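Q: Note that the UniProt record's numbering gives residue 162 to position 162 of the sequence shown, counting from 1, and the numbers run on in steps of one. Each residue gets a CB set at the ideal place from its N, CA and C atoms; glycine is no exception. Being a predicted model, the structure only gives us computed values, none of them experimental.
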Amino acid sequence: MKLKHILLALLTVTIWGVNFIAVHYSLKTFSPFLLCAVRFGLAAIPFVFFIPKPKASWQLVFGYGFFIFVLQFGLLFTGLHLGLSPGLASLVLQVQVFFSMGLAAVVFHDRPSKWKIIGALIAFAGLAMVAIHVGAGTTLLGFILTLFSAMSWAVGNMFSKKVASESSLALVAWGNLVAFPFMMVISLCLEGPESIVTSFAHINAETIISVMYIVYMSTTVGYGMWGFLLNSYSTTVVVPYTLLVPVVGLISSALVLGEEMPLWKIIACIIIMAGLVFNQLEKQVREIFSRLSK
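#1: What does the alpha-carbon distance come out to for the pair residue 57 and residue 268?
#2: Taking the runs of the alpha helix (DSSP H) that are 4 residues or longer, which of them lie wholly in the UniProt domain "EamA" (141-278)?
#3: With a threshold of 8 Å on Cβ separation, who are the neighbours of residue 136 within its own chain once the five nearest residues in sequence on each side are excluded?
#4: Report buried or exposed for residue 369, applying the criterion of at least 16 other Cβ atoms within 10 angstroms of its Cβ.
#5: Helix, strand or coil: how does DSSP classify residue 54 here?
#6: Taking 8 Å as the cut-off, decide whether the C-beta atoms of residue 35 and residue 27 are in contact.
#7: Could you please give the first and the last residue of the uninterrupted alpha helix (DSSP H) stretch that includes residue 1?
#8: Please name the residue in 89, 8, 12 whose C-alpha comes closest to that of residue 144.
#9: What does a CB cutoff of less than 7 Å around residue 81 pick up in its chain, not counting 5 residues either side in sequence?
#10: Report the three-state DSSP secondary structure of residue 136 (helix, strand or coil).
#11: Give me, in chain order, the residues of the same chain whose beta-carbon lies closer than 8 Å to that of residue 228; leave out the 5 immediate sequence neighbours on both sides.
#12: Would you call residue 103 buried or exposed, if buried means 16 or more other Cβ atoms sit within 10 Å of its Cβ?
#13: Just to confirm, are residue 199 and residue 21 a CB contact at a threshold of 8 Å?
#14: Considering just the uninterrupted stretch of the alpha helix (DSSP H) at residue 78, what are its terminal residues?
#15: Within a Cβ cutoff of 7 Å, which residues of the same chain sit near residue 182, ignoring the five residues on either side of it in sequence?
#16: Under 8 Å: do the segment 174-181 and the segment 102-118 share three or more Cβ pairs, one atom per stretch?
#17: By the three-class DSSP mapping on this structure, what secondary structure does residue 112 have?
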């Protein structure tokens, strides 16, 4: 990747890592599905009135919106609501890297090299530490839902490459338009009108700032930049950068929310970062092993 695109990827994962803090504060006021509906509605309107639909079939745009937004965030927000901490959720969600690489190999024949696979496995060891330390009860359910959220993100990445929109912002806006009615209906049916009225009655400045960050920074800016990168490079080159999301998520959760940072979390972060370095410096790694084998 070009240096400017590496910096773009780093900016994207930083925005997404901090986003877990915004979700944490937003869920103090909004129920999970209502928060999703608000997020999708504000991210779609008014943009869809000014930005043409991507030049792709409705089926592809629908698939992108359904998997990236409806399933991913519906499951993720519910997992957070049920007790999974923001820092841990940011770690668990990165299983999508492995799902994405596997799906890319099947769908696009975008097969990762053995070195990228090794790098992914190193990072997976860090994620496995999270699974080992997740507690029982509602937190376990939150962990499972977040795993399914990661799978949805990976499937959505495939739709993003299929659409190959010239404007990543257009894909994000129209994808959110697809997701909005789904989440509004789900919120009405499962959370009820009374919960919706109560949520809006208790909005405060903290909630407004958090929701604005989720909508415009994480969704519009973050997914806009991510779509551009996916359309510019191979999936196996781009998706490993999301392994840095939990590092940002854990550090920001510790600084802002006072989330504990025991030794195992620090080790997990180091292992994940090592896997990413191994993955991205494939050429240098090959050269080192070649010299050692001589």
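A: In terms of the structure at hand:
#1: On the sequence shown, position 57 is the one that residue 57 refers to. On the sequence shown, position 268 is the one that residue 268 refers to. Here the C-alpha atom of residue 57 lies approximately 41 Å from the C-alpha atom of residue 268.
#2: 168-186, 192-201, 205-212, 223-232, 235-238, 245-252
#3: By one-based count along the sequence shown, residue 136 stands at place 136. Unreliable positioning characterises residue 136 in this predicted model, as indicated by a pLDDT of 49, which lies under 50. The coordinate reading is nonetheless provided below. Correct list: empty, nothing qualifies.
#4: Residue 369 lies beyond the stretch modelled for the chain, which goes from 1 to 294, so this question has no answer here.
#5: For the purposes of this step, residue 54 is taken as the residue at position 54 of the sequence shown. Here residue 54 sits in coil by DSSP.
#6: Locating residue 35 in the sequence shown gives position 35, where the first residue counts as 1. Locating residue 27 in the sequence shown gives position 27, where the first residue counts as 1. Their beta carbons are under 8 Å apart, which means residue 35 touches residue 27 by this criterion.
#7: Numbered from 1 along the sequence shown, position 1 holds the residue referred to as residue 1. Note, residue 1: premise wrong, no alpha helix (DSSP H); not H, not E.
#8: For the purposes of this step, residue 144 is identified with residue 144 of the sequence shown, where counting begins at 1. For residue 144, the nearest C-alpha among the options comes from 89.
#9: Translated into the one-based positions of the sequence shown, residue 81 becomes position 81. For residue 81, where only same-chain residues beyond five positions count, the Cβ hits under 7 Å are 27, 32.
#10: Walking along the sequence shown from the start, residue 136 turns up at place 136. For residue 136, the predicted model reports a pLDDT of 49, less than 50, meaning its position is unreliable; a value from the coordinates is still stated below. Correct three-state label for residue 136: coil.
#11: Locating residue 228 in the sequence shown gives position 228, where the first residue counts as 1. So the list reads 8, 168, once near-sequence residues are dropped.
#12: Taking the first residue of the sequence shown as position 1, residue 103 is located at position 103. So residue 103 counts as buried.
#13: Position 199 of the sequence shown, counted from the first residue, corresponds to residue 199. Position 21 of the sequence shown, counted from the first residue, corresponds to residue 21. No, the pair does not count as a contact, with Cβ atoms beyond the cut-off.
#14: As a working mapping, residue 78 is identified with position 78 in the sequence shown. 72-81 is the extent of the alpha helix (DSSP H) around residue 78.
#15: The sequence position of residue 182 within the sequence shown is 182, counting from 1. Excluding residues within five positions, the ones whose Cβ falls inside 7 Å are 70.
#16: no
#17: Residue 112 sits at position 112 when you count from the first residue of the sequence shown. Coil.
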